[in-house]
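Here the structure comes first, spelled out in structure tokens, and everything after it is commentary.
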Amino acid sequence: MKSKRTIALIALVLLLAVAVIMDYQYGKNNLPINATETDKNVAQMLNTSKKTSTNVSKDKAVTANSDVFADYRQDRERTRSESIANLKEIVDNEKTSKENRDKAQAEIIKLTEQTNKEMTIENLIKAKGFKDVLVFIDDKSANVLIDTNQQLTAARIAQIQDIVTRETGLSVDQIHIIKRKS
Numbered sequence: 001m002k003s004k005r006t007i008a009l010i011a012l013v014l015l016l017a018v019a020v021i022m023d024y025q026y027g028k029n030n031l032p033i034n035a036t037e038t039d040k041n042v043a044q045m046l047n048t049s050k051k052t053s054t055n056v057s058k059d060k061a062v063t064a065n066s067d068v069f070a071d072y073r074q075d076r077e078r079t080r081s082e083s084i085a086n087l088k089e090i091v092d093n094e095k096t097s098k099e100n101r102d103k104a105q106a107e108i109i110k111l112t113e114q115t116n117k118e119m120t121i122e123n124l125i126k127a128k129g130f131k132d133v134l135v136f137i138d139d140k141s142a143n144v145l146i147d148t149n150q151q152l153t154a155a156r157i158a159q160i161q162d163i164v165t166r167e168t169g170l171s172v173d174q175i176h177i178i179k180r181k182s
């Protein structure tokens with residue numbers, strides 16, 4: 001009876017993780033593109049609820065845009081922390097079977113490694129001169145949200161692809177770059 005609950009809890013945690021990833025990938029106003037498409041096809045990922053009017057100063061517009069990136073980072077961290085906490089409960093429960101405990105530990109390690117890869121990629125891309133970057137990785141793809149006013153030239157896209165490919169092992173066609181104007 002307890003092992004069925006544990007399996008159900010693991011399944012729910014995994015479904016939550018998949019739902020979060022799918023929400024980021026397929027949100028109703030998100031327009032992700034393949035990184036190999038031309039610069040003119042690079043589209044915005046987000047429509048913020050904090051739209052600025054023509055009366056708002058540029059400083060306030062930049063702050064609103066920065067808040068979007070900070071909000072997404074916070075949401076990502078909160079979701080991952082909750083998932084890891086749930087998995088730790090499974091691991092720490094003495095009544096959990098060894099098989100389920102091992103699966104939960106493996107998932108904790110996977111989430112931790114995924115978080116580290118995302119942070120590494122974000123920092124490496126920022127080092128190339130972009131204002132802000134958000135990266136979302138799953139087993140089959142990587143979504144890169146770039147904060148820039150500049151066009152994403154073929155050379156800049158290649159830099160991003162190189163970093164993501166090197167850090168994740170994903171192929172170029174699995175990398176989706178989304179430009180967000182500040």
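Numbering-wise, the sequence shown is residues 1 to 182 according to UniProt numbering. Glycine included, C-beta positions come from ideal geometry on N, C-alpha and C.
If I follow the unbroken beta strand (DSSP E) through residue i, where does it start and stop?
{"i": "aspartate 102", "result": "Per DSSP, aspartate 102 belongs to no beta strand (DSSP E); it is in the alpha helix (DSSP H), 98–126."}
Which residue or residues does DSSP assign as beta-bridge partners of residue i?
{"i": "leucine 142", "result": "It is worth fixing the name first, because residue 142 is alanine in this sequence and not leucine. For alanine 142, which the question treats as bridged, DSSP gives the partners Ile137, Ile175."}
{"i": "valine 180", "result": "The residue you asked about is not valine; residue 180 is arginine in the sequence shown. In DSSP, arginine 180 forms a bridge with Asp147."}
{"i": "aspartate 132", "result": "Asp147"}
At which residues does the alpha helix (DSSP H) containing residue i begin and terminate?
{"i": "threonine 165", "result": "154–168"}
To the nearest angstrom, how far is the alpha carbon of residue i from that of residue j?
{"i": "phenylalanine 130", "j": "serine 171", "result": "22 Å"}
{"i": "leucine 124", "j": "threonine 168", "result": "13 Å"}
{"i": "glutamate 99", "j": "lysine 181", "result": "47 Å"}
{"i": "isoleucine 84", "j": "isoleucine 108", "result": "6 Å"}
{"i": "phenylalanine 69", "j": "threonine 112", "result": "21 Å"}
{"i": "alanine 127", "j": "methionine 119", "result": "12 Å"}
{"i": "glutamate 89", "j": "glutamine 105", "result": "10 Å"}
{"i": "lysine 110", "j": "tyrosine 72", "result": "20 Å"}
{"i": "threonine 148", "j": "leucine 87", "result": "37 Å"}
{"i": "lysine 179", "j": "lysine 140", "result": "21 Å"}
{"i": "isoleucine 137", "j": "lysine 95", "result": "33 Å"}
{"i": "alanine 155", "j": "lysine 117", "result": "23 Å"}
{"i": "arginine 101", "j": "threonine 153", "result": "47 Å"}
{"i": "serine 97", "j": "isoleucine 146", "result": "43 Å"}
{"i": "arginine 5", "j": "histidine 176", "result": "37 Å"}
{"i": "glutamine 114", "j": "aspartate 173", "result": "19 Å"}
{"i": "isoleucine 163", "j": "isoleucine 157", "result": "10 Å"}
{"i": "isoleucine 121", "j": "valine 135", "result": "7 Å"}
{"i": "aspartate 92", "j": "glutamine 159", "result": "43 Å"}
By the 10 Å Cβ neighbour count, where 16 or more other Cβ atoms means buried, how is residue i classified, buried or exposed?
{"i": "glutamine 161", "result": "buried"}
{"i": "asparagine 143", "result": "buried"}
{"i": "glutamate 77", "result": "exposed"}
{"i": "arginine 166", "result": "exposed"}
{"i": "glutamine 151", "result": "exposed"}
{"i": "serine 81", "result": "exposed"}
{"i": "lysine 28", "result": "At lysine 28, the pLDDT of 38 sits below 50, so the modelled position is not reliable; the number obtained from the coordinates is stated separately. Classification for lysine 28: exposed."}
{"i": "glutamine 74", "result": "exposed"}
{"i": "threonine 132", "result": "Looking at the sequence shown, residue 132 is not threonine but aspartate. The residue is buried, with at least 16 neighbouring Cβ atoms inside 10 Å."}
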